[in-house]
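A quick write-up on the structure given underneath.
Written out as C-alpha cells, the structure reads:
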C-alpha cells in the first residue's frame with residue numbers, strides 16, 4: 002500500500018510541474034490579442050506595459066530594445082543559478098536589452114518572490130508576479146508553436162515584436178525560437194549581439 006501511495010504521489014508531483022491543465026480542453030487560457038496592453042508591476046518597484054502585436058510583444062516606450070521574456074519559478078534550481086548572470090547581462094546591455102522575468106507554475110506573493118528569490122539569488126532585473134503571467138506564457142507558446150508541457154526556465158527573445166532564432170543547446174535545431182532549462186549566459190549574450198547586429 003505504501004509503495005502504491007509513493008507512485009501516486011510521484012505521478013501527481015510530475016503532473017503539477019507542467020501547464021497541461023491550461024493547454025487542453027475547456028480550461029484553455031485565451032491568448033492575448035493584437036493591441037492588448039498588459040501592465041506588469043515589478044516586485045522591485047515600478048511598472049512596464051507589455052504591448053501585444055500581431056507577431057509578439059514589445060515594451061511600450063522601449064520598442065527598439067530586444068526583449069527577453071523569462072518564465073521561471075522561485076522553486077526552480079536552474080532559475081536560481083541563472084539569476085546573478087542574468088542580472089549582470091541586463092546591467093551591461095541595458096541600452097539595447099530588457100529582461101522581463103515572469104513567475105510561472107506557482108502562486109506566491111510579491112514579498113515571497115522578493116525575499117526567497119530576488120534577494121536570495123541576486124535577481125535584480127524586472128520581475129512580475131502577475132495573474133496575467135500564465136496568459137502571457139500561453140500566448141508565447143502558441144506564437145512559436147511550442148506543443149510540449151511548459152517547463153521552467155523557458156525564455157524567448159523578441160526584436161521589433163518578432164521572435165528571434167536562438168541557439169538550441171539540446172537538439173541543435175536551426176530555427177529554434179526558445180531556450181529551455183539552464184543556459185550559459187555567454188550563449189544568450191552571443192545570440193543577443195547577433196540579433197542586435199541584424200538589420
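In my numbering, the protein residues as written are 2 to 200. We put the beta carbon where it would ideally sit given N, CA and C, even for glycine. Quantities reported herein were computed from a predicted structural model and do not represent experimental measurements.
| Query | Result |
| --- | --- |
| How far does the beta strand (DSSP E) with residue 134 in it reach, from first residue to last? | Counting along the chain, residue 134 falls outside any beta strand (DSSP E), though it belongs to the alpha helix (DSSP H) covering 134 to 145. |
| What is the residue span of the alpha helix (DSSP H) that residue 78 lies within? | 78 to 93 |
| Leaving out five residues on either side along the sequence, give the residues of the same chain with a beta carbon under 6 Å from the beta carbon of residue 61. | 50 and 52 |
| For residue 53, write down the residues that DSSP places opposite it in a beta bridge. | 58 |
| Please state the DSSP three-state secondary structure of residue 122. | helix |
| Return helix, strand or coil for residue 186, following the three-state DSSP convention. | helix |
| Between 95, 175, 121 and 131, which has its C-alpha nearest residue 65's C-alpha? | 95 |
| Which residues mark the beginning and the end of the alpha helix (DSSP H) in which residue 97 is found? | Element bounds for residue 97: n/a, residue is neither H nor E. |
| Tell me where the beta strand (DSSP E) around residue 67 begins and ends. | 67 to 73 |
| Output needed for residue 176: all residues of its chain with C-beta closer than 8 Å, excluding positions within five of it in sequence on either side, in chain order. | 166 |
| Using CA coordinates, which residue listed in 156, 195, 77 and 186 is at the minimum distance from residue 85? | 186 |
| Pick from 151, 155, 200 and 109: whose alpha carbon is nearest that of residue 44? | 109 |
| Could you check how far apart the C-beta atoms of residue 103 and residue 119 are, in whole angstroms? I think they sit under 8 Å. | Rounded, the Cβ-Cβ distance is 13 Å, inconsistent with contact. |
| Using the three-state DSSP reduction, which class does residue 106 fall into: helix, strand or coil? | coil |
| Taking the C-alpha atoms as reference points, what is the distance between residue 140 and residue 147? | 10 Å |
| So which of 55, 29 and 88 has the shortest CA-CA distance to residue 37? | 55 |
| Report all residues from its chain with a CB closer than 7 Å to the CB of residue 77; omit the five preceding and five following residues, and keep chain order. | 153 and 154 |
| Determine the burial state of residue 35: buried for a count of at least 16 other Cβ atoms within 10 Å of its Cβ, exposed for fewer. | exposed |
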